[in-house]
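Visitor: Quick one: structure below, then a few questions.
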Amino acid sequence: MKYLTRLSLLSLFMLTACHAGKPMPPEETGAMPYGEWGFAFFTPKALPASVNFVTLLDEKQVHYTFRTLDSVQSNPSSIGKWFQRVSRYTQFNKARHPPLAIIFCWDSIIDKKTYETHITFSQATRDRMHAPAGVDISGDTAWYDTMLFGLAPEGKVRVWLQTLKRIDNLPVQPEKLVTLSGSELRVCKNISNHKQGYDYSQTTKDFIKDKTYPYGEW
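As structure tokens, then:
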């Protein structure tokens with residue numbers, strides 16, 4: 001974790017309406033009852049994408065950058081529409097407090113372009129992450145401690161809070177969600193893992209054969 005560049009900070013504060021308050025060292029901001037929360041990215045089956053850079057501002061004004069990220073996984077059950085019981089574990093994608101805003105740079109291999117997604121979150125979402133989510137199969141308190149981002153063709157992004165495996169994930173309605181590409185890129189300009197171009201794997205070629213773009217309702 002590192003502090004953001006000035007450009008990233010500017011973009012985050014623009015999106016969060018310049019939240020006031022003097023930043024505190026992360027270790028002085030306290031912790032959630034369950035420790036850190038995590039976030040993970042996934043795609044529909046055989047419609048790959050990769051996330052290259054993330055900047056995040058949490059509710060305690062702690063700023064994060066992530067360049068080493070958990071991999072974006074293809075969900076085999078998301079065919080034609082999102083599967084509602086995706087479950088992910090996170091190793092690198094973690095923060096101390098619920099988010100105010102996030103910006104992430106991602107390559108849609110299926111679209112052959114780079115996207116820049118800006119999301120601001122509601123107080124209702126943060127409140128959910130502070131409150132118990134029931135009891136897990138072990139009888140322990142369950143929490144909404146993982147946020148899921150679905151990345152689809154056309155630059156479409158959906159967000160959920162992960163729930164217990166036996167029920168559907170909880171959809172998150174952002175206060176604002178904007179995805180940029182091409183000449184509109186700001187934070188993500190020249191950030192790509194595919195600067196030499198995009199190639200479809202044989203798996204993707206076989207999957208999209210005789211199907212119509214964008215291959216589902218996302």
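In this text, residue positions in the sequence shown follow my numbering: the first is 1, and each later residue adds one. For glycine and all other residues, C-beta sits at the position ideal for the given N, C-alpha and C. The structure displayed is predicted, hence computed values, not measured ones.
(1) In whole angstroms, what is the alpha-carbon distance linking His194 and Thr146?
(2) Over what stretch of residues does the beta strand (DSSP E) that includes Met147 continue unbroken?
(3) Is Gln73 helix, strand or coil when you go by DSSP?
(4) Classify Glu184 as helix, strand or coil using the three-state DSSP reduction.
(5) With Ala49 as the anchor, note down where its beta strand (DSSP E) starts and where it stops.
(6) Among the candidates Glu27, His130, Ser71, whose CA atom is the shortest distance from the CA of Asn52?
(7) What is the DSSP secondary structure of Ala131, reduced to helix, strand or coil?
(8) Could you give the first and the last residue of the continuous alpha helix (DSSP H) run that contains Asp107?
(9) Considering Thr221, what are the terminal residues of the beta strand (DSSP E) in which it resides?
(10) Identify which residue in Ser201, Leu180, Ser108, Thr29 has its Cα closest to the Cα of Pro98.
Guide: So, from the listed chains and residues:
(1) Along the sequence shown, one-based indexing puts residue 194 at 194. Along the sequence shown, one-based indexing puts residue 146 at 146. His194 and Thr146 have their C-alpha atoms some 28 Å from each other.
(2) By 1-based counting over the sequence shown, the position of residue 147 is 147. Per DSSP, Met147 belongs to the beta strand (DSSP E) from 146-152.
(3) One-based indexing of the sequence shown puts residue 73 at position 73. Gln73 falls in the strand class under three-state DSSP.
(4) Numbered from 1 along the sequence shown, position 184 holds the residue referred to as residue 184. Glu184: helix per DSSP, three-state reduction.
(5) Locating residue 49 in the sequence shown gives position 49, where the first residue counts as 1. That run of the beta strand (DSSP E) goes 49-58.
(6) Position 52 of the sequence shown, counted from the start, is the residue given in the question as residue 52. For the residues Glu27, His130, Ser71, the minimum Cα distance to Asn52 belongs to Ser71.
(7) For the purposes of this step, residue 131 is taken as residue 131 along the sequence shown, with counting starting at 1. Here Ala131 sits in coil by DSSP.
(8) Locating residue 107 in the sequence shown gives position 107, counting from the first residue. It is not in any alpha helix (DSSP H) - Asp107 instead sits in the beta strand (DSSP E) that spans 99-108.
(9) In this structure the chain extends from 1 to 218, so residue 221 is not present and cannot be described.
(10) For this step, residue 98 is matched to residue 98 along the sequence shown. Among Ser201, Leu180, Ser108, Thr29, the Cα nearest to that of Pro98 is on Thr29.
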